[in-house]
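Read top to bottom, the protein sequences are chains A and B.
Counting from 1, position 163 in the first sequence corresponds to residue 177 in my numbering; the numbering is continuous, with no gaps.
Counting from 1, position 3 in the second sequence corresponds to residue -2 in my numbering; the numbering is continuous, with no gaps.
The beta-carbon is built from N, C-alpha and C at its ideal position, and this holds for glycine as well.
Have a look at the structure below before the remarks.
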Amino acid sequence: MTMIDKTARQVSEIGPATTWQTIGPFFSIGLQRGYATEVAGPGVAGERIAIEGRVFDGDGLPIPDAVLEIWQANSHGKYVHPEDPQDKPLDEGFLGHARIPTGEDGGFAFTTIKPGAVCMPEEKPQAPHILVGLMMRGLLRRVVTRMYFPNEPLNATDEILQRVEAARRGTLLLVPDGTKPGVYRWDIHMQGEVETVFFEF
Amino acid sequence: MTRIRGYRRWAAGTQPACLHLPYVSSRRRAPTKPLVEIPQTLSEITGPSWGARDVVKGACDLTTQHAGSPLGPRIIVSGRVLDEDGRPQPNMLVEVWQANAAGRYLHRNDQHNASLDPNFTGEGHTLTDEQGRYRFVTIRPGEYAWGNHHNAWRPAHIHFSLFGPAFATRLVTQMYFPGDPLLAFDPIFNCTADEQARNRLVSQFDWDTTVPCEALGYHFDIILRGREATPMEDGHDHDR
């Protein structure tokens, strides 16, 4: 597993990265063109899953003006990206990305395939996970979290999960629906006792 | 055991915290617990990529999407997308959205007392060229009132959305206009501690891209996170 280099940040002449600003309340004008709720089309290999949940604010009220952007590997654990060095196959028609808005009830839902374990050569594999970038009116910048799968043996050794205090890890775990196979629930709480874990990197 | 060549941490003070009390809606939506610091893995340094299939031809001109011309001063907004080392970022999707000249968004939640323009949607997108350049033709958006506090007004702005080469480089920001008297009073513009960083959100008037008898030009460069100088290695202290 990799660690952050301690080298001092290089100052470049053109200045640091541009400052984030909130997406505001009217982002659908610009972002809705990219909305999708099906990450993997019918022909894509892997275990079909559906994930649904809601986003709540600190008062427990649903957040209807948020948007999730997810990024995930395919069922082999391979990303559609030139810097993925893993010797694993890509799947035709699978890009691994989707942008999903919340509805009036703060709810979102999408279907995909369960990602495989991502593993850099000579390193421990990461447990299967889905990255989530979350933006909304009221957030000045994106926050990032991860969805993990319950009862996954690799969770016990996943370097990112291990950095989260045990009491809060549950906020990252998908919850099986119980009645519908392959369906998971996953709520996001911006604040409160079960505040979702968000990452900085 | 070199592995991941990550992206640099955001420079201190140049990014907003999630919570900014003057921006009232951040109070019940910003996380209250510290963000958990993690190393970048393959998951963070990869991300969606874009190509010609992802853009509609002509979508970089927001003034020609309807039968007639939109109201308001026509402008050209152009610039470059670079990383922190000044390297141009080609084939990057740039998405923009904005209010019309009267300060009204084409959105059901915008009840601001200003007219909609049947000839203006306010959505545009494009890909950067080989030199990382983009160019939009649009109209200057109007200022508008909002409910954050008594007599609150947003300065004129255009929303910009970019992914960059990786999940880690995602950026959504707002471009402002030089000399706008509302900037000093806007809690969103002022959410970032570093004054220079804030001021880089203000575009520059640009004679070079101004088209005679047609449109004023504004220049706005966008900087995405640059790469770490060296790959991160096992065994290094991750706290800093």
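Chain-ordered chain A contacts of residue i [CB-CB under 7 Å]
i: LYS28 of chain B; result: GLU209
i: HIS214 of chain B; result: In chain order: nothing, as chain A lies at least about 14 Å away.
i: GLY117 of chain B; result: ILE43
i: VAL91 of chain B; result: GLY44
Proximal residues of chain B, C-beta to C-beta of residue i below 8 Å
i: GLN176 of chain A; result: Correct list: empty, because the minimum Cβ distance to chain B is about 10 Å.
i: SER42 of chain A; result: HIS102
i: ARG156 of chain A; result: ARG165, VAL167
i: TYR93 of chain A; result: LEU37, SER38, THR41
i: GLY72 of chain A; result: ARG22, ARG23, ARG24, THR27
i: LEU145 of chain A; result: SER38, GLU39, PHE162
i: ASP101 of chain A; result: In chain order: nothing, as chain B lies at least about 13 Å away.
Alpha carbon of residue i to alpha carbon of residue j, nearest angstrom
i: TYR93 of chain A; j: LEU104 of chain A; result: 8 Å
i: SER44 of chain B; j: GLN84 of chain B; result: 12 Å
i: PRO226 of chain B; j: TYR162 of chain A; result: 27 Å
i: ILE77 of chain A; j: CYS208 of chain B; result: 46 Å
i: ALA170 of chain A; j: PRO139 of chain A; result: 11 Å
i: GLY192 of chain A; j: ASP71 of chain A; result: 26 Å
i: TYR2 of chain B; j: PHE215 of chain A; result: 8 Å
i: ILE37 of chain A; j: ILE183 of chain B; result: 11 Å
i: GLU209 of chain A; j: LYS194 of chain A; result: 26 Å
i: ARG135 of chain B; j: GLY212 of chain B; result: 11 Å
i: CYS186 of chain B; j: LEU14 of chain B; result: 9 Å
i: ARG156 of chain A; j: LEU148 of chain A; result: 6 Å
i: PHE212 of chain A; j: THR159 of chain A; result: 5 Å
i: MET15 of chain A; j: GLY91 of chain A; result: With a pLDDT of only 40 at MET15 of chain A, under 50, the local geometry of the prediction cannot be trusted, and the value read off the model is given with reservation. So the alpha carbons of these two residues sit roughly 16 Å apart.
i: ARG222 of chain B; j: GLU90 of chain B; result: 23 Å
i: ARG177 of chain A; j: LYS28 of chain B; result: 14 Å
i: PHE215 of chain B; j: ARG75 of chain B; result: 7 Å
i: GLN106 of chain B; j: ASP112 of chain B; result: 14 Å
i: ALA266 of chain B; j: HIS144 of chain B; result: What is shown of chain B runs -4 to 235, which leaves residue 266 of chain B out entirely.
i: THR21 of chain A; j: TRP85 of chain A; result: In this predicted model, THR21 of chain A has a pLDDT of only 42, less than 50, meaning its place in the structure is not dependable enough to derive any value.
i: GLN205 of chain A; j: ARG22 of chain B; result: 10 Å
i: ALA180 of chain A; j: ARG82 of chain B; result: 41 Å
i: ASP175 of chain B; j: GLY137 of chain B; result: 11 Å
i: ASP101 of chain A; j: PHE124 of chain A; result: 28 Å
i: GLN24 of chain A; j: ALA224 of chain B; result: Per-residue confidence for GLN24 of chain A stands at a pLDDT of 44, beneath the threshold of 50, marking its modelled position as unreliable; the derived number appears in the next sentence. GLN24 of chain A and ALA224 of chain B: Cα-Cα distance of roughly 8 Å.
Residues that DSSP places opposite residue i in a beta bridge
i: PHE70 of chain A; result: A:PRO76, A:HIS203
i: GLN73 of chain B; result: Just to set this straight, residue 73 of chain B is Ser in the shown sequence, not Gln. Note: SER73 of chain B sits in a beta bridge opposite B:ARG130, B:HIS214.
i: HIS143 of chain A; result: A:TYR162
i: GLN60 of chain B; result: Per DSSP, none; premise fails for GLN60 of chain B.
i: TRP5 of chain B; result: None, per the DSSP bridge assignment.
i: HIS102 of chain B; result: Paired residue(s): none; HIS102 of chain B is not in a bridge.
i: GLN169 of chain B; result: B:HIS154
i: TYR49 of chain A; result: A:ARG113
i: MET149 of chain A; result: A:VAL81
Neighbouring residues, chain B, relative to residue i (Cβ below 7 Å)
i: MET150 of chain A; result: ARG24
i: TRP200 of chain A; result: Result: empty, since nearest Cβ-Cβ is about 16 Å, beyond 7 Å.
i: ASP119 of chain A; result: What ASP119 of chain A touches in chain B: nothing, since even the nearest Cβ is about 16 Å away.
i: VAL132 of chain A; result: LEU37, SER38
i: ASP105 of chain A; result: Going along chain B, no residue has its Cβ under 7 Å from ASP105 of chain A, so there is no contact; the nearest lies around 15 Å.
i: ILE127 of chain A; result: Residues of chain B passing the Cβ test: none, with the nearest at roughly 16 Å.
i: PRO39 of chain A; result: ASN104
i: LYS97 of chain A; result: Looking at the sequence shown, residue 97 of chain A is not Lys but Glu. Here the neighbours are ILE40, THR41.
i: GLU52 of chain A; result: The contacting residues do not exist; GLU52 of chain A stays about 15 Å from chain B at best.
CB-CB length for residue i against residue j, believed under 8 Å
i: THR116 of chain A; j: VAL69 of chain A; result: 5 Å
i: SER73 of chain B; j: TYR129 of chain B; result: 6 Å
i: SER156 of chain B; j: GLY184 of chain A; result: In fact, because the Cβ distance is near 32 Å, the residues do not count as touching under 8 Å.
i: ALA31 of chain A; j: ILE218 of chain B; result: 5 Å
i: GLY42 of chain B; j: ALA161 of chain B; result: 4 Å
i: TYR171 of chain B; j: HIS154 of chain B; result: About 11 Å separates the two Cβ atoms, so there is no contact after all.
i: PHE158 of chain B; j: MET87 of chain B; result: 7 Å
i: ASP189 of chain B; j: PRO150 of chain B; result: That pair is no contact at about 18 Å.
i: PRO135 of chain A; j: PRO99 of chain A; result: 7 Å
i: ARG24 of chain B; j: GLY152 of chain A; result: 4 Å
i: ARG182 of chain A; j: VAL189 of chain A; result: In fact, because the Cβ distance is near 15 Å, the residues do not count as touching under 8 Å.
i: GLY107 of chain A; j: VAL53 of chain A; result: Contact doesn't hold; Cβ gap of about 11 Å is too wide.
i: PHE41 of chain A; j: TRP5 of chain B; result: Actually they are not in contact, since the Cβ atoms of PHE41 of chain A and TRP5 of chain B sit about 22 Å apart, beyond 8 Å.
Proximal residues of chain A, C-beta to C-beta of residue i below 9 Å
i: VAL197 of chain B; result: Those within 9 Å of VAL197 of chain B in chain A number zero; the least Cβ separation is about 11 Å.
i: HIS107 of chain B; result: Residues of chain A passing the Cβ test: none, with the nearest at roughly 10 Å.
i: THR187 of chain B; result: THR33, TRP34, GLN35, LEU154
i: ILE70 of chain B; result: The contacting residues do not exist; ILE70 of chain B stays about 17 Å from chain A at best.
Within chain B, the residues that residue i reaches when beta carbons sit closer than 9 Å
i: LEU109 of chain A; result: PRO43, SER44
i: TYR162 of chain A; result: Those do not exist, as TYR162 of chain A stays about 12 Å from chain B at its closest Cβ, beyond 9 Å.
Proximal residues of chain A, C-beta to C-beta of residue i below 8 Å
i: TYR18 of chain B; result: THR36, GLY152, LEU154
i: PRO11 of chain B; result: THR33, TRP34, GLN35, LEU154, ARG155
i: LEU77 of chain B; result: ILE28
i: VAL31 of chain B; result: ARG177, VAL178, VAL211, PHE212, PHE213, GLU214
i: TRP5 of chain B; result: PRO30, ALA31
Do the stretch 45 to 65 of chain A and the stretch 194 to 210 of chain B meet, that is, are 3 or more Cβ pairs less than 8 Å apart?
-> Taking 8 Å as the limit for Cβ pairs, the verdict is that the stretch 194 to 210 of chain B does not touch the stretch 45 to 65 of chain A.
Touching by the beta-carbon criterion (3+ pairs, under 8 Å), the stretch 64 to 72 of chain B and the stretch 97 to 116 of chain B | At 8 Å Cβ cutoff, the stretches touch.
Okay, do the stretch 41 to 55 of chain A and the stretch 151 to 168 of chain B touch, 3+ Cβ pairs below 8 Å being the bar?
-> Touching, per the Cβ criterion.
May I ask you to verify whether the stretch 54 to 63 of chain B touches the stretch 108 to 123 of chain B, counting CB pairs closer than 8 Å and requiring at least 3?
-> Taking a cut-off of 8 Å on C-beta distances, the stretch 54 to 63 of chain B touches the stretch 108 to 123 of chain B, as three or more cross pairs fall below it.
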